[in-house]
Amino acid sequence: MIKNKIRGSIISIISTEGHQGNPGNVGYGTVKGGLLNFTRSVAMELAPYGIRVNSLSPTGTDPAEGLERARAWRVSWEAGQGRPPSADTTSGDQGVPLGKRPSPRHYAKGAVFLASDDAEMITGFDLRIDAGTVARYWRWNPGTKIAPQA
């Protein structure tokens, strides 16, 4: 892009694991966390050339669209990791502040925005499309009914 004098946009794909610790997945979270700073650093390096560099952080994705595509394409695919969730973790949409996990279409809209001229003054930024999962206070468990105090 520099050699050809092309102004434009680069988007790194991170993960909410780049923002949070996840026991048992240290390597993945470490790499994604490093990519966050890589994105910011490269944004500063490339800014003089008119190249914007941002990142997009998806979270655990709602499997509905993927399952729908798999059926349409006649591909067998089973959602999940093929094992029941650990007793010390939530599953599905449990714990997601907006009550529902994002779908691939939500991530696509974010990427299109970051690449568009509408984001012409945005660089070195991470767009989290995570239904509030990173912002959530650790003790708050949305979706759990709290019994009134007696």
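Sequential numbering of the sequence shown, starting at -3, is according to my numbering. Backbone N, C-alpha and C define an ideal beta-carbon position, used for all residues, glycine too.
Enclosing beta strand (DSSP E) for residue i [first to last residue]
{"i": "S51", "result": "I47 to P54"}
{"i": "R124", "result": "D122 to I125"}
Same chain only: Cβ atoms within 8 Å of residue i, ignoring 5 sequence neighbours per side
{"i": "G95", "result": "D89, A127, P138 and G139"}
{"i": "G106", "result": "L52, L123 and I125"}
Candidates the options: closest to residue i by CA position
{"i": "N0", "options": "Y133, Y45, W134 and D84", "result": "Y45"}
{"i": "G56", "options": "T12, R135, R48 and G29", "result": "T12"}
{"i": "T35", "options": "E64, Y103, F109 and S8", "result": "S8"}
{"i": "K28", "options": "I6, R48, P54 and E41", "result": "P54"}
{"i": "I(-2)", "options": "T119, V38, I47 and A104", "result": "I47"}
{"i": "R132", "options": "S87, M40, V49 and P93", "result": "P93"}
{"i": "L32", "options": "I10, R135, P98 and Q16", "result": "I10"}
{"i": "S82", "options": "E61, P19, G4 and H15", "result": "P19"}
According to DSSP, residues forming a beta bridge with residue i
{"i": "I7", "result": "N50"}
Any chain B beta carbon closer than 8 Å to residue i
{"i": "N18", "result": "Of the protein chains in this structure there is only one, and it is not chain B."}
Cβ-based neighbour list, residue i, same chain, cut-off 7 Å, excluding 5 preceding and 5 following
{"i": "F109", "result": "A115"}
{"i": "N157", "result": "Given that the chain is displayed from residue -3 to residue 146, the structure contains no residue 157 and the question cannot be resolved."}
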